[in-house]
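**Q** Take this structure, written in structure tokens, and hold onto it; I'll ask about it next.
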Amino acid sequence: MSFKERIRNFFIPSAGSPRWMWIPPILVVGILGLGLLGGSVHAWEYSNSPQFCGTTCHTMPPQNATYLKSPHANVTCEECHIGRVSLPDQFVRKTREGSKELFMMAFNLYEYPIHASALQPVRDTCERCHKPAAFAGDTLRTITRFHSDFDNTMYITYLILKTRGGTKDENLGEGIHWHIDNQVEYYPTDRLEQDIPYVRVYNDDGTITEYVDVESGFDPATMDESQLQTMDCVTCHNRVSHNFKTPADSMDDYMARNMIDPSIPEIRIKGVEMLSNTYESQQMGLAAIAGLENYYQAYHTGFYNENTELVQNAIAQIQQIYMGTVFIEQKVNWETHPSNLGHMNSPGCFRCHGGTHLDEQQQAIRLECNLCHSIPTVVSQQDFVALIEISRGPEPESHHNANWISLHNQVMNETCTNCHTTGDAGGTSNTSFCSNSACHGSVFTHAGFDAPTLREILREQLNLQPTPEPPNLLVGLPTYEANIKALFESKCAACHGQVASAGLNVTTYASLMQGRDSGPVIIVGNPENSLLIQAQLKQHFANFSAEELKFITQWIESGAPEK
18 MSFKERIRNF
28 FIPSAGSPRW
38 MWIPPILVVG
48 ILGLGLLGGS
58 VHAWEYSNSP
68 QFCGTTCHTM
78 PPQNATYLKS
88 PHANVTCEEC
98 HIGRVSLPDQ
108 FVRKTREGSK
118 ELFMMAFNLY
128 EYPIHASALQ
138 PVRDTCERCH
148 KPAAFAGDTL
158 RTITRFHSDF
168 DNTMYITYLI
178 LKTRGGTKDE
188 NLGEGIHWHI
198 DNQVEYYPTD
208 RLEQDIPYVR
218 VYNDDGTITE
228 YVDVESGFDP
238 ATMDESQLQT
248 MDCVTCHNRV
258 SHNFKTPADS
268 MDDYMARNMI
278 DPSIPEIRIK
288 GVEMLSNTYE
298 SQQMGLAAIA
308 GLENYYQAYH
318 TGFYNENTEL
328 VQNAIAQIQQ
338 IYMGTVFIEQ
348 KVNWETHPSN
358 LGHMNSPGCF
368 RCHGGTHLDE
378 QQQAIRLECN
388 LCHSIPTVVS
398 QQDFVALIEI
408 SRGPEPESHH
418 NANWISLHNQ
428 VMNETCTNCH
438 TTGDAGGTSN
448 TSFCSNSACH
458 GSVFTHAGFD
468 APTLREILRE
478 QLNLQPTPEP
488 PNLLVGLPTY
498 EANIKALFES
508 KCAACHGQVA
518 SAGLNVTTYA
528 SLMQGRDSGP
538 VIIVGNPENS
548 LLIQAQLKQH
558 FANFSAEELK
568 FITQWIESGA
578 PEK
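Per the numbering used here, residue 18 is the first one in the sequence shown, and the count goes up by one each step.
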């Protein structure tokens, strides 16, 4: 009997064979089936694993290096790139995309640098773990930086990040996550969505507001509506798992954690220089960085001789940064994959909030420093206390203009001191609200502060004045029309004018004497019991000087005459 016949008789016993002879072939078939099923599951799981995606595929070393250091290092690749959906859906998605990628790889049809081209909807990925409607609250951010000077002088920026969120149904839905609770569509003109000339906002009343970048020359009539994108998590959080930091950010990060000792002279400026240079190969880049040791031997001989290990460790760490952010074979670095979080190293928020996107009324998508975070507070190593300023009072009418940040430096006057310290205005000494180095010491490349077309449009709005200049106090009998009205307009009208905060409007005699929602603020002939005087004797959003308050007191004592 041949081997083939034996196999056949084993799996298919001849007629009349005992029943027990069917047990061995059934067991063998079952074991083989289970083995095949187990192998298939293992192969499926392995093909979805970071090990396969990051190391087996030779195009993915850049993404793998950043993934391993990301907050999602414990999340497998398919959970984001295929989605947490049913197995049949996963199989269809993976077969469709995998077949295309395998074909392109087999015939060398892909181009470097590689960008993700088939991301799944965020409801199948991000939202499986993160609930957009959850209220996040505000968070304190501490950002440690170093100057590019001899001593690598450290400074720290504190700001409150207004993440917030929630839904309008809960009387929430504010802050940065307002974009998730409200429908916003945008029209990108490039693959990486760095250029967005058109934004559409759907309002609660069913209307829409359209914003067009006035510097782009874009005509909405030519827009392909099918290319409109709806804003979601990935619109901003596009590099959360694969973030290629800039040389400056990488050096600051390593120095803040003392992975690179900040006491090494010039180490920040030399590290950024080495990481920013272009090299023909990664090995040449690593060799160039290693050459820093010769620099310190030649130009910082004393320090090098006493701190050789510190310098050598710093060089090794800079090499690690280079290997994790620059991949010459794949043509990848921090410039090829910009992050949309923030607005310093790439357009990010300023893709829409750059101040140049205007609606039909020439009002901008707000470019405002404290819209998404508080005004940054910058402190040095010598500052024992950091005071973070949180604006909580009503804003002057002028500040309600959506173009206010682009206008404010041209309409500044003495009335700004009612709310702000203004010493060294426009400077970077951090001695006042108006000398903030985080604002005036930074170059906002992607904001439209000096955009030519926008500047011409804003000329018509430059007649906006925060409030009138305070008048000189007049001698003689004070009256509302002669001098008291001017005093109130200079100090109070920003909140108690047309805005009428708490129902009080001081810009007309009748409304002033009527008082606020809860009652009169002036009792004729009785300044001590007048609410206006009582409020001014305490810390208020805007306080009169002692001389001005005395003058107003005399006016009330004399019967608060109108004329």
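We treat Cβ as the ideally placed atom computed from N, Cα and C, and that holds for glycine.
For a test of the three-state rule: what should DSSP assign to glutamate 62, helix, strand or coil?
**A** Here glutamate 62 sits in helix by DSSP.
**Q** For phenylalanine 163, write down the residues that DSSP places opposite it in a beta bridge.
**A** Its beta-bridge partners are Met171.
**Q** Apply the 10 Å Cβ neighbour rule to glycine 532 and answer buried if 16 or more other Cβ atoms are within range, or exposed otherwise.
**A** Burial call: buried.
**Q** What residue ranges within the region 363–442 form continuous alpha helix (DSSP H) runs of no fewer than 4 residues, ordered along the chain?
**A** Whole alpha helix (DSSP H) segments, 4+ residues: 367–370 and 421–424.
**Q** Which residue wins for smallest C-alpha separation from leucine 586, given the options Thr72, Tyr204, Asn199 and Arg217?
**A** Limits of the chain in this structure are 18 at one end and 580 at the other, which puts residue 586 out of reach.
**Q** Valine 395 and asparagine 350 look like a contact to me (Cβ under 8 angstroms); what is the Cβ gap, rounded to whole Å?
**A** With a Cβ gap of about 29 angstroms, valine 395 and asparagine 350 do not count as contacting.
**Q** I believe glutamate 232 touches threonine 373 by the beta-carbon criterion, under 8 angstroms. Please report the beta-carbon distance rounded to the nearest angstrom.
**A** With a Cβ gap of about 5 angstroms, glutamate 232 and threonine 373 count as contacting.
**Q** What three-state label does DSSP hand valine 229 in the structure shown?
**A** Residue state, collapsed to three classes: strand.
**Q** How big is the Cα-Cα spacing for leucine 529 and valine 523?
**A** Distance between the alpha carbons of leucine 529 and valine 523: 5 angstroms.
**Q** Find out if the Cβ-Cβ distance for the pair leucine 327, aspartate 278 is shorter than 8 angstroms.
**A** In contact: leucine 327 and aspartate 278 (Cβ atoms closer than 8 angstroms).
**Q** Looking at the structure shown, is leucine 13 part of a helix, part of a strand, or coil, going by DSSP?
**A** Because the chain is modelled from 18 through 580, residue 13 falls outside the range shown and cannot be assessed.
**Q** I'd like the span of the alpha helix (DSSP H) that includes valine 584, first residue to last.
**A** Since the first residue of the chain shown is 18 and the last is 580, residue 584 is not available in this structure.
**Q** Could you check the C-alpha separation between threonine 252 and leucine 176 for me, to the nearest Å?
**A** Taking the straight line from one Cα to the other gives about 23 angstroms.
**Q** What's the gap between the Cα of proline 483 and the Cα of asparagine 430?
**A** Residue confidence is low: proline 483 scores 49 on pLDDT, short of 50, so the model does not pin down where it sits. Its coordinate-derived value is still stated next. Going from the Cα of proline 483 to the Cα of asparagine 430 covers about 8 angstroms.
**Q** Just checking my contact of threonine 93 with serine 66 at CB under 8 angstroms: how many whole Å lie between their CB atoms?
**A** Correct: roughly 6 angstroms between the Cβ atoms.
**Q** Does proline 487 pass the burial test, meaning 16 or more other C-beta atoms within 10 Å, or should it be called exposed?
**A** Only weak support exists for where proline 487 lies, its pLDDT of 49 falling under 50; the value from the coordinates is given anyway. When all chains shown are included, proline 487 counts as buried.
**Q** Between the alpha carbons of histidine 417 and methionine 248, how many angstroms are there, rounded?
**A** Using only the alpha carbons, I get a separation of about 25 angstroms.
**Q** Using 8 angstroms as the threshold, is the C-beta distance between threonine 438 and cysteine 456 below it?
**A** Against a cut-off of 8 angstroms, the Cβ pair of cysteine 456 and threonine 438 comes out as no contact.
**Q** Determine the extent of the beta strand (DSSP E) in which tyrosine 204 is found, giving its start and end residues.
**A** That run of the beta strand (DSSP E) goes 201–204.
**Q** From which residue to which residue does the alpha helix (DSSP H) around valine 289 run?
**A** Run containing valine 289: 284–293, per the alpha helix (DSSP H) assignment.
**Q** Any idea what DSSP makes of tyrosine 312, helix, strand or coil?
**A** Helix.
**Q** For glutamine 4, is the classification buried or exposed, using 16 other Cβ atoms within 10 angstroms of its Cβ as the cut-off for buried?
**A** Here the chain comprises residues numbered 18 to 580, so residue 4 is not present and cannot be evaluated.
**Q** Over the uninterrupted alpha helix (DSSP H) stretch that includes arginine 217, give me the two end residues.
**A** First-last for arginine 217: 215–219, but that is the beta strand (DSSP E), not the alpha helix (DSSP H).
**Q** Could you have a look at phenylalanine 466 and say whether DSSP puts it in helix, strand or coil?
**A** The answer is coil: DSSP assigns phenylalanine 466 none of H, G, I, E or B.
**Q** Assuming contact is defined by CB atoms lying nearer than 8 angstroms, are threonine 11 and threonine 159 in contact in what I supplied?
**A** Residue 11 lies beyond the residue range present for the chain, which begins at 18 and ends at 580; the question has no answer from this structure.
**Q** What I want to know is whether the C-beta of histidine 194 ends up closer than 7 angstroms to one or more non-hydrogen atoms of the ligand SAM.
**A** Among the components modelled here there is no ligand, and therefore nothing to report on the ligand SAM.
**Q** Identify which residue in Glu210, Arg101, Asp168 and Pro413 has its Cα closest to the Cα of glutamate 515.
**A** Residue identity check: residue 515 is glutamine in the sequence provided, not glutamate. Comparing Cα positions, the closest option is Pro413.
**Q** Note down the Cα distance separating leucine 424 from phenylalanine 461, rounded to an integer number of angstroms.
**A** Distance between the alpha carbons of leucine 424 and phenylalanine 461: 16 angstroms.
**Q** Go ahead and label tryptophan 421 buried or exposed: buried means 16 or more other beta carbons lie within 10 angstroms of its beta carbon, across all protein chains shown.
**A** Answer is buried; the Cβ neighbour count reaches 16.
**Q** Pick from Met122, Ala123 and Gly182: whose alpha carbon is nearest that of lysine 148?
**A** Among Met122, Ala123 and Gly182, the Cα nearest to that of lysine 148 is on Gly182.
**Q** What did DSSP end up calling glutamate 96 once you bin it into helix, strand or coil?
**A** Three-state result, glutamate 96: helix.
**Q** Decide if lysine 86 is buried, meaning its Cβ has at least 16 other Cβ atoms within 10 Å, or exposed.
**A** Result: exposed.
**Q** Between Ser116, Met77, Asp269 and Leu136, which lies nearest to glutamate 96 when the distance is taken from Cα to Cα?
**A** Ranking the options by Cα distance to glutamate 96, first place goes to Leu136.
**Q** Nearest by alpha-carbon distance to asparagine 81: which of Thr206, Phe466, Leu178 and Ser258 is it?
**A** Ranking the options by Cα distance to asparagine 81, first place goes to Ser258.
**Q** Does the beta-carbon distance from leucine 584 to histidine 390 come in below 8 angstroms?
**A** Here the chain covers residues 18 to 580 and nothing more, so residue 584 does not appear.
**Q** Which of helix, strand or coil does DSSP assign to glutamate 191?
**A** Here glutamate 191 sits in strand by DSSP.
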